[in-house]
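Sequential numbering from 27 applies to the sequence shown in this note's numbering. Yeah, the Cβ is synthetic: ideal placement off N, Cα and C, and Gly gets one too. In this text, all values refer to a predicted model and were calculated from it rather than measured experimentally. Let me begin by presenting the structure, written as structure tokens, before commenting on it.
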Amino acid sequence: LTDGQAVMIYATAVMGTADKHVKWQVCNGVGYSYLPVIDVDPKKADDEDVVEAAKVCPKHVYTVEDGKLVVKDGLSCNLCMSCVEAVGRDRGLSVSGDDTNFVFKFETDGSLTARQALDKAVEILTAEAEDFKAQIEAL
27 LTDGQAVMIY
37 ATAVMGTADK
47 HVKWQVCNGV
57 GYSYLPVIDV
67 DPKKADDEDV
77 VEAAKVCPKH
87 VYTVEDGKLV
97 VKDGLSCNLC
107 MSCVEAVGRD
117 RGLSVSGDDT
127 NFVFKFETDG
137 SLTARQALDK
147 AVEILTAEAE
157 DFKAQIEAL
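Right, dumping it as structure tokens:
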């Protein structure tokens, strides 16, 4: 465009929800995993093999303090088991996923905060559960 020129646009705003079309979906990059359960045997936490786990962990879950392996950020663990493989099984370090607890992660597109998106999701799930319960009771 040159000086004095402008673009004229006519637009219509349409409200909708993600169950009608993905373009209205607030959350993306949604995922979940089991809650990591990491146990370091205090009697073996200073063994050289066990301390090696801090070096091989791709998520930097561990740190070494006073020559002992310490869990720094357990939620960052993606259960890849690199640390257990480096140390060896039954050698003072165990990692597993708790299948009764989950870690949910998601991002939003910015139209809602993560908290608002989570609150709305809980609200929708609660309404759907109540509707399902009413349908079962009607049988």
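Whole-Å CB distance - residue i paired with residue j, under 8 Å assumed
i	j	result
V63	G114	Actually they are not in contact, since the Cβ atoms of V63 and G114 sit about 19 Å apart, beyond 8 Å.
L95	V110	So it is not a contact: roughly 12 Å between Cβ atoms.
Residue i in three-state terms, based on DSSP
i	result
T139	coil
I64	strand
G55	strand
G123	strand
T38	coil
K94	strand
Buried versus exposed call for residue i [16 or more other C-beta atoms within 10 Å across all chains shown]
i	result
Y36	exposed
V87	buried
Residue nearest to residue i in terms of C-alpha spacing, selected from the options
i	options	result
V90	L101, K70, N104, C106	K70
T134	A160, V40, Q51, H47	Q51
R68	K131, F130, A160, S120	Note on residue identity: the sequence assigns Pro, not Arg, to residue 68. Selected option, being the one with the closest Cα: S120.
L105	K98, D116, R117, K85	K85
Heavy atom of the ligand MG within 7 Å of residue i beta-carbon
i	result
F132	Looking at this structure, you won't find the ligand MG or any other ligand, since it has none at all.
Discussion item. Three Cβ pairs or more, each shorter than 8 Å: is that satisfied between the stretch 49-62 and the stretch 74-81?
Written reply: no
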